[in-house]
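Student: The following block contains the structure, expressed as structure tokens.
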Amino acid sequence: MSDLKIAQSEPLFNSNKKMTYLVLGFFAFLILLPALGPTKFFLHLMIMIFMHAVISQSWNIIGGFSGQISLGHGAFFGIGAYATSFFYVEYGLTPWIGILIGIIVCAIVAILIGIPMLRLSGHYFAIATLLVGISFQIIFQRWDLVGAASGLWVPLTSEDSLYAIQFHSSKVPYYYLFLIFFTIIFFITWLISRSKLGYRLRAVRDDAQAAQSLGIDVAKHKIIAFAISAMMMSPMGSLFAQYILIVDPDRMFNFEISIIALLITVLGGIGYVWGPLVGTLILIPLAEYARIFFGGTGGAVDLMVYGIVLMFICIFKPSGIISFLPNHILHREKMR
Amino acid sequence: MSILKVENLSKSFGGIHANQDISFEVQAGEILGVIGPNGAGKSTLFDLITGFTKPDQGSVIFEGKNIFGFRPDKISNLGVGRTFQKLKPFADQTLLENVMIGAFSKESNQKVARDKALEIIEFVQLLEKRHHYAKELSTGQRKRLELARALATDPKLLLMDEVTGGVDQKTIPGLVELVKKLRERGVTVITIEHNINIIMDISNHVLALDQGKKIAFGIPKEIQNNQKVIDAYLGTIDAA
């Protein structure tokens, strides 16, 4: 057999059995976890982990895949939250359809603001997204139809309801809901990362001119990435709204959501499929335990710890905690 | 039959005429060498043809179609490939991934794209390096990478900016052989090259530029003896 034939008979992707089992085992554990009788707090912690992992993954698609730093991604979280709550409160529409509406609206908004904004490069794109994020909050604070500054209070059902996505007796249904979305969105990301689209997005990120010379429409690909990213963010807003059942502009369009997505991704490993999860597993428990430990008096302690951790990562491991993994495994699981 | 016809192409940056009224034709299947001293406008000409710089006026007819002012990706998809003087590999991707990105321009199936990429990597004689990251390759190897990546898009016309620039002497003959083999593959080539011996060796025709203007066009022998070309390179007597 010639060298070429040998090379062509190699598998498209090296599969590492150990890693595959590790990932499958991890998900099996997540499915069985509620049966182990975890505390309410622990379930809450896991829900927050799923949510933040997805929020960061959404950010990773635009920040890690196509290389655009967005500082206004919280806007899509808010749109998702309002889409489900508004239609349920006003028309009694099931939040399931609300989730879909949120995703569609986010895609449209992403395309509409993406077309002019993605022409901006580097800092200018970041600044523009920052302002878009803030403007959304201001608009919703003044928009009477959606309750303006006081927001929307979702009327509680008398008992648990899958139709209304409200569960009062236990956190377990929420746990599974978030787990399902987390799994689907990570799976989609994993698929994208090894698809033609993934290759082309990485090309756009690494060198836009070279990408163009290979026939890639750079603007179109950036917009596609932005839209996918927005569509991933939206259901997290929707589910979080169903989780706390209060939707207001200060909470749902909070600037912190945009920032934390970035922090987690950079900490975990920007551009890697599993980077956002690694970052989340470190930062979210830290934040939640710090909240318990220090209570109201030390509200910002977790942020100080974030800052210190991030500083060390930036100095010693700029490609994120995930890059402590050996190279051959990383290569397979990367987007970069 | 001419594959590319450039007519009165002009571009100025501010007051500087980077390209002025340039016209020439490229025949299908040939190698056209472009020469000229630094600042003659060679790279600008490439950028104008491939759409990376918007021309001011003139026309660029590729296979009978005016592609003047088209976007670079559209021009690439029509069958005009290019490499860059300042190399632009996707540094954090492997050689194979780099070339696959090129192959994806015409091919959506991953396996087909991968196999095609491998075939081209073999053509540029880097098969054993296929899983190396682009940043780990030497300059000569990266030139081959860029060539392979551009070839993977199935160009009918390939513009190569400084094939042998910046590589060591030992690497040059191999690269030159590759360019010659391109012609055998049926790819029409326009190449910028500083080494006159190489240009004379490989080109069917030579286009000479100086200060943004065409000063000569013809077969290598004619160019070698053209007084304007000699002056451009050595300077005229009263300038010295």
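As given, the protein sequences belong to chains A and B, one line each in that order.
Numbering-wise (my numbering), the first sequence opens with residue 45 and increments by one.
Numbering-wise (my numbering), the second sequence opens with residue 4 and increments by one.
All residues carry an ideal CB built from backbone N, CA and C; glycine is no exception.
Because the structure is a prediction, the values reported are computed rather than measured.
(1) State buried or exposed for A/L235, treating a residue as buried only when at least 16 other CB atoms are found within 10 Å of its CB.
(2) Assign A/G281 to buried or exposed, taking buried as 16 or more other Cβ atoms, counted over all protein chains shown, within 10 Å of its Cβ.
(3) Our contact map puts A/G259 next to B/S108 with C-beta atoms below 8 Å; I'd like the distance itself, whole angstroms only.
(4) Can you pull the chain A neighbours of B/K183, defined as C-beta to C-beta under 9 Å?
(5) Count the other C-beta atoms from every protein chain shown that fall within 10 angstroms of the C-beta of A/M348, then say buried if there are 16 or more, exposed otherwise.
(6) DSSP has A/G281 in a bridge; who is on the other side?
(7) Determine, using beta carbons only, whether B/F55 comes closer than 8 Å to chain A.
(8) Spatial neighbours of A/S278 within its chain, please: C-beta separation below 8 Å, excluding the five flanking residues on both sides.
(9) Hey, how far is the Cα of A/F368 from the Cα of B/G44?
(10) Please list, in chain order, the chain A residues whose beta carbon lies closer than 7 Å to that of B/G105.
(11) Starting from B/I97, follow its DSSP beta bridges and name the residues at the other end.
(12) Provide the residue span of the alpha helix (DSSP H) that contains B/N200, from first to last.
(13) Tell me, please, whether the region 152-165 of chain B touches the region 190-208 of chain B by the rule of three or more beta-carbon pairs shorter than 8 Å.
(14) From B/L150 to B/Q23, what distance separates their C-alpha atoms?
(15) From B/E122 to B/R188, what distance separates their C-alpha atoms?
(16) On the three-state DSSP scale, how would you describe B/F107?
(17) Where does B/A243 fall in DSSP's three states?
(18) Going by C-alpha to C-alpha distance, which of B/G36, B/F73, B/E100 sits closest to B/G221?
(19) From the DSSP output, in three-state form, read off A/I183 for me.
(20) Measure the CB-CB distance between A/S257 and B/S79 and report whether it falls below 8 Å.
(21) For A/L289, which residues in the same chain have their Cβ closer than 6 Å to its Cβ, ignoring the five residues on either side in sequence?
(22) Would you list, in chain order, the members of the region 230-260 of chain A that have their beta-carbon closer than 7 Å to a beta-carbon of chain B?
(23) Does any residue of chain B have a CB that is nearer than 8 Å to the CB of A/Q181?
(24) Taking Cβ-Cβ distances shorter than 7 Å, what residues in chain B pair up with A/A51?
(25) Spell out a yes or no on whether the region 65-78 of chain B and the region 88-105 of chain B are touching, meaning 3 or more CB-CB pairs, one atom from each, closer than 8 Å.
(26) Please compile the residues from chain A whose C-beta is within a distance smaller than 9 Å of the C-beta of B/Q96.
(27) Closest Cβ-Cβ distance between A/D204 and chain B: below 8 Å?
(28) Do you know whose CA, among B/A94, B/E28, B/L51, lies nearest B/F1's CA?
(29) Just confirm the distance between the C-beta atoms of A/L311 and A/I365, as a whole number of angstroms; I'd bet it's less than 8 Å.
Tutor: So, from the data block:
(1) Position 191 of the first sequence holds residue 235 of chain A. Burial call: exposed.
(2) The count along the first sequence starts at 1 and reaches residue 281 of chain A at position 237. Burial call: buried.
(3) What you label residue 259 of chain A is simply residue 215 of the first sequence in a count that begins at 1. What you label residue 108 of chain B is simply residue 105 of the second sequence in a count that begins at 1. Sure, about 4 Å apart at Cβ, within 8 Å.
(4) Sequence index remark: in the second sequence, residue 183 of chain B carries index 180 (1-based). Neighbours of B/K183 on chain A: none; closest Cβ ~21 Å, over 9 Å.
(5) Here residue 348 of chain A refers to the residue found at position 304 of the first sequence. Classification of A/M348: exposed, given that the 10 Å Cβ count is below 16.
(6) Position 237 of the first sequence, counted from the start, is the residue given in the question as residue 281 of chain A. Answer by DSSP bridge pairing: none, since A/G281 is not bridged.
(7) Numbered from 1 along the second sequence, position 52 holds the residue referred to as residue 55 of chain B. Yes, its Cβ sits closer than 8 Å to a Cβ of chain A.
(8) Start at 1 with the first residue of the first sequence, and residue 278 of chain A comes out as number 234. For A/S278, where only same-chain residues beyond five positions count, the Cβ hits under 8 Å are F120, F121, I123, G124, A127, I143, G146, I147, V149, C150.
(9) Position 324 of the first sequence, counting from 1, holds the residue named residue 368 of chain A. Position 41 of the second sequence, counting from 1, holds the residue named residue 44 of chain B. So the alpha carbons of these two residues sit roughly 48 Å apart.
(10) Counting from one through the second sequence, the residue named residue 105 of chain B turns up at place 102. Simply L258.
(11) Residue 97 of chain B sits at position 94 when you count from the first residue of the second sequence. Looking at the sequence provided, one finds Thr at residue 97 of chain B rather than Ile. Beta bridge pairing from DSSP links B/T97 with B/Y136.
(12) Against the second sequence, residue 200 of chain B aligns to sequence position 197. Its alpha helix (DSSP H) spans residues 199-205.
(13) yes
(14) Here residue 150 of chain B corresponds to residue number 147 of the second sequence, with the count starting at 1. Here residue 23 of chain B corresponds to residue number 20 of the second sequence, with the count starting at 1. The alpha-carbon atoms of B/L150 and B/Q23 are separated by roughly 29 Å.
(15) Numbered from 1 along the second sequence, position 119 holds the residue referred to as residue 122 of chain B. Numbered from 1 along the second sequence, position 185 holds the residue referred to as residue 188 of chain B. Distance between the alpha carbons of B/E122 and B/R188 is about 13 Å.
(16) Taking the first residue of the second sequence as position 1, residue 107 of chain B is located at position 104. The answer is coil: DSSP assigns B/F107 none of H, G, I, E or B.
(17) In the second sequence, counting from the first residue as 1, residue 243 of chain B sits at position 240. Note that B/A243 scores a pLDDT of 41, beneath 50, so its modelled location is shaky; the value from the coordinates is reported in the next line. Coil.
(18) Here residue 221 of chain B refers to the residue found at position 218 of the second sequence. Comparing Cα positions, the closest option is B/G36.
(19) Here residue 183 of chain A corresponds to residue number 139 of the first sequence, with the count starting at 1. DSSP places A/I183 in the helix class (H, G or I) of the three-state scheme.
(20) As a first step, residue 257 of chain A is located in the first sequence; it is residue number 213 there, counting from the start. As a first step, residue 79 of chain B is located in the second sequence; it is residue number 76 there, counting from the start. Going by C-beta atoms, A/S257 is nearer than 8 Å to B/S79.
(21) As a position in the first sequence, residue 289 of chain A is number 245, starting the count at 1. Cβ neighbours of A/L289 beyond the five flanking positions: V198.
(22) K240, Y243, R244, R246, A247, D250, D251, Q253, A254, Q256, S257, L258, G259, I260
(23) As a first step, residue 181 of chain A is located in the first sequence; it is residue number 137 there, counting from the start. No, its Cβ sits nowhere closer than 8 Å to a Cβ of chain B.
(24) In the first sequence, the residue the question calls residue 51 of chain A occupies position 7. In chain order: L121, L130, R133.
(25) no
(26) What you label residue 96 of chain B is simply residue 93 of the second sequence in a count that begins at 1. The contacting residues are Y243, R246, A247, D250, R380.
(27) Residue 204 of chain A sits at position 160 when you count from the first residue of the first sequence. Not closer than 8 Å to any Cβ of chain B, the Cβ of A/D204 fails to qualify, so no.
(28) There is simply no residue 1 of chain B to check, as chain B begins at 4 and stops at 243 in what is shown.
(29) Within the first sequence, residue 311 of chain A is the residue found at index 267, counting from 1. Within the first sequence, residue 365 of chain A is the residue found at index 321, counting from 1. At roughly 6 Å, the Cβ-Cβ gap stays under 8 Å, so A/L311 and A/I365 are in contact.
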